[in-house]
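Residue numbers (my numbering), protein chains in the order written: chain A, 371 to 762; chain B, 58 to 321. Just so it is clear, CB atoms sit at the ideal spot from N, CA and C, and this is done for glycine as well.
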Amino acid sequence: MAKRVSLSGNEAVAQAMRQINPDVVAAFPITPSTEIPQYFSQFVANGQVTTEFVPVESEHSAMSACIGAAAAGGRVMTATSANGLALMWEMLYIAASSRLPITLAAVNRALSGPINIHNDHSDTMGARDSGWIQLYGENAQEAYDNFIMAVKIGEHPDVQLPVMDCFDGFITSHAVENLEMLEDEEVKAFVGENRVAPYALIGQEPVSMGPLDLPPYYFEHKRQQAEAMKNAKRVILEVAAEFEKLTGRKYGLFEEYRMEDAEAAIVILNSSAGTAKAVVDSLRAEGKKVGLIKIRVFRPFPAEELAEALSKVKAVAVMDKADSFSAAGGPVFTEVRSAMYGRADGKIVVSYIYGLGGRDVTTNQIEKVYNDLFSAIETGKYEVYNYVGVRE
Amino acid sequence: MRIELLNKYFKMDQLPHIWCPGCGNGIALGAAVEAIDNSTMDKDKICIVSGIGCSSRASGYLNFDSLHTTHGRAIAFATGIKLANPELNVIVITGDGDCTAIGGNHLIHGCRRNIDINVLVFNNNIYGMTGGQYSPTTPRNARTSTSRQGTVERQFDICKLSENAGATYVARGTVFHYKHLIGLIEGAFKNKGFSIVEILTPCPIQFGRRNKTPEPADMMRLLKNSTSFSDDGKTKIGVFRDEKEPEFVSEYIKLLSNEGDISV
Ligand code: SF4
């Protein structure tokens, strides 16, 4: 039976780690993710898990140790943020291309510089093409649930990819919320035995991992990696269905909030979705047809499904808590707009960059975005590339 | 620290600092500033470089040209600064985690090259800023947030490490022995080569509270009682090495002028 508990996002994820009882956790402290390995080390010290806990000397080493442990057939986890994730960069690609299902709690924080410890999505957005599955969560409950599902998704034989469980630094990681925690036995049964890849370094057959892969085969291996990412979309939904049976909580590729007859919609990630839902409710009360899409799965990108969900609106604002500096819109925006091309044409699609470096995201800002969309629908005049909540 | 130095060398609008009550970092920084004031260095040709951690906030408080960099990389940035502009007196302010864990590789190669930079390591034996995880200088058996039953790993001796890696000025002091510390830092500034001063400094909040010395005064007493100027088995403080050896940037310039290129 699930129980109601009050936990911070970090503590909830650390608890999920404890319940999963992985073989190896290798981590290096960085705000705001530090608490996860810190809580976890307490579980190790108390003998509540049998995990080998390795407090390494850098994030590069953390991911390297995870890769080594996963290559040896272990179920492996870590946590990091911002520059820690950046320092892992080289190894992120190695983990994905070696098809090692590592689970990483990525507690979103602005990537330096200037140095800033507060929340935005510039860290994981930069890692979007590293080959990792990326799940995003609005609150501690979703961070906890996604973390448990991540293990099962990544280890699925048709996937065999590492997974990031992304949630907002401080807002979600440090705020204490009520959530439902599963029983330890339920989590253990749900994630099941580690489905070790047949090519791990522990079988009868000697294998070499990560060797030089020149033109004759490199391309085929990348093609297989791409196929695994395609498979992941199906597997993510299968795992979500199984999770729903256990918990009653429904997860999809994204969440649609009051989208039925919406004319103006916002697409957004993580905790700001909570703020935006409050705005949707108040505008709906005034009779305005507004809706919201909160993307949960950003990698693989649910292109067809998003286009379908947006096919009836008149205008969409994609809100990015990261700037891609492409001078042509935020990263989520460019993908959403490209997904709509040929599938949901003739819509107004605009980009809003918001909340960088932990700038407060207010209901007023979100309301302004909806108002802009209505005025765009009415007048046909609008800017594509916008910022909200910044001094100009 | 003499009070007039506050206005002379600090960005007053950045104060008060963020360090906890009882933290030794302020004393360590005070000693560094006194050593700067006593030195003959052109104050407009000083560049402060820091990494990440409690110690590394120092660069933001000082009124010199400064570069606050990424975790572990201060010495690498400093190497670039010194090579690009050899006239600058480059001072790196770093911590034990920053300098010997994530940045350990840069430390040993800075020492090996004997590049003329001055590294002040505020060694509090722990990662303070991120919540008290053990670092490469945490003593065996000390309790930290990642070693609740005591650290099993052995600790680095920063001075021995640096000496053996080739640093030409190596010293250790403590924030308890304040005057002595100022002298050690002045010695570092005088050496033309890689100089490192390990400064033992208390972190009562993250280290002390977990290791039966929660009071800043207890930690200061510990610094006094556990260190010695002689070889009596206690942690030795003083200068371990002060020698002249070919310095990297000068050698590099020589090489270039031999080739007829004096653009450096
Ligand atoms: S955590 Fe420790 S080192 Fe950091 S400011 Fe506080 S007392 Fe000083």
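Rounded to whole angstroms, the separation of the alpha carbons of L680/A and Q504/A is 22 angstroms. Where Q504/A is concerned, the enclosing beta strand (DSSP E) starts and stops at 503-506. When only Cα atoms are considered, K615/A and Y621/A end up about 11 angstroms apart. Using a Cβ-Cβ cut-off of 7 angstroms, S428/A is close to G129, A158, I159 of chain B, given in chain order.
Exclusion of the five residues before and after G189/B leaves I183, T201, S202, Q263 as the residues of its chain whose Cβ lies within less than 6 angstroms of its Cβ.
Just so you know, the alpha carbons of I132/B and R654/A end up roughly 57 angstroms apart. DSSP places T136/B within a helical segment (H, G or I) once states are collapsed to three. Distance between G152/B and L164/B, taken at the CA atoms: about 12 angstroms. C111/B has its Cβ nearer than 7 angstroms to a heavy atom of the ligand SF4. Taking C-beta atoms under 8 angstroms as the contact rule, V419/A and N391/A qualify, at a distance of about 5 angstroms. For S202/B, the neighbours in chain A by C-beta distance under 7 angstroms run, in chain order, Q408, S411. Beta-bridge partners of I150/B (DSSP): S107/B, L177/B.
Unbroken beta strand (DSSP E) stretches of 3 residues or longer found wholly inside the segment 634-692 of chain A: 634-638, 660-665, 667-669, 685-690, given in chain order. In this chain, the beta strand (DSSP E) harbouring T450/A covers 446-450. Look at the segment 561-626 of chain A and you find these whole runs of alpha helix (DSSP H), each 4 residues long or longer: 588-617.
Per DSSP, M519/A has no beta bridge partner at all.
Around the beta carbon of E630/A, fewer than 16 other beta carbons lie within 10 angstroms, which makes this residue exposed.
Relative to the ligand SF4, Q263/B has its C-beta within less than 7 angstroms of a heavy atom. If you look at A714/A, you'll find it isn't in any beta strand (DSSP E); DSSP assigns it neither H nor E.
Inside the segment 436-498 of chain A, DSSP marks whole alpha helix (DSSP H) runs of 4 or more residues at positions 452-457, 459-467, 492-496, from first to last along the chain. A direct Cα-Cα distance of roughly 34 angstroms separates N564/A from G154/B. Interface with chain A (8 angstroms Cβ-Cβ cutoff): Y235/B is excluded. Residue pairing of Q412/A in beta bridges, as defined by DSSP: absent, with no partner found. Across the segment 414-445 of chain A, CB contacts with chain B closer than 7 angstroms involve A415, P425, E427, S428, in sequence order along the chain. Taken through DSSP and simplified to helix, strand or coil, L279/B comes out as helix. Between I310/B and A141/B, the alpha-carbon positions lie close to 11 angstroms from each other.
Taking 8 angstroms as the cut-off, the Cβ atoms of A570/A and G443/A count as close.
The straight-line gap separating the alpha-carbon atoms of K301/B and E272/B is approximately 42 angstroms. The straight-line gap separating the alpha-carbon atoms of A475/A and A632/A is approximately 34 angstroms.
With a threshold of 16 other beta carbon atoms within 10 Å, A520/A meets it and is buried. For H125/B, there is no enclosing alpha helix (DSSP H); the enclosing beta strand (DSSP E) has its first and last residue at 122-125. At least 8 angstroms separates the CB of T704/A from every CB of chain B.
Ranked by how close their Cα comes to the Cα of P259/B, the residues G244/B, S283/B, A245/B, F246/B have S283/B in first place. Contact annotation: the segment 686-697 of chain A touches the segment 718-738 of chain A, with at least three C-beta pairs closer than 8 angstroms. Contact annotation: in the segment 173-194 of chain B, residues whose CB is within less than 9 angstroms of a CB in chain A are Y184, M186, T187, G188, G189, Q190, Y191, S192, P193. Listed along chain B is no residue with a C-beta nearer than 7 angstroms to that of S642/A; the closest approach is about 26 angstroms.
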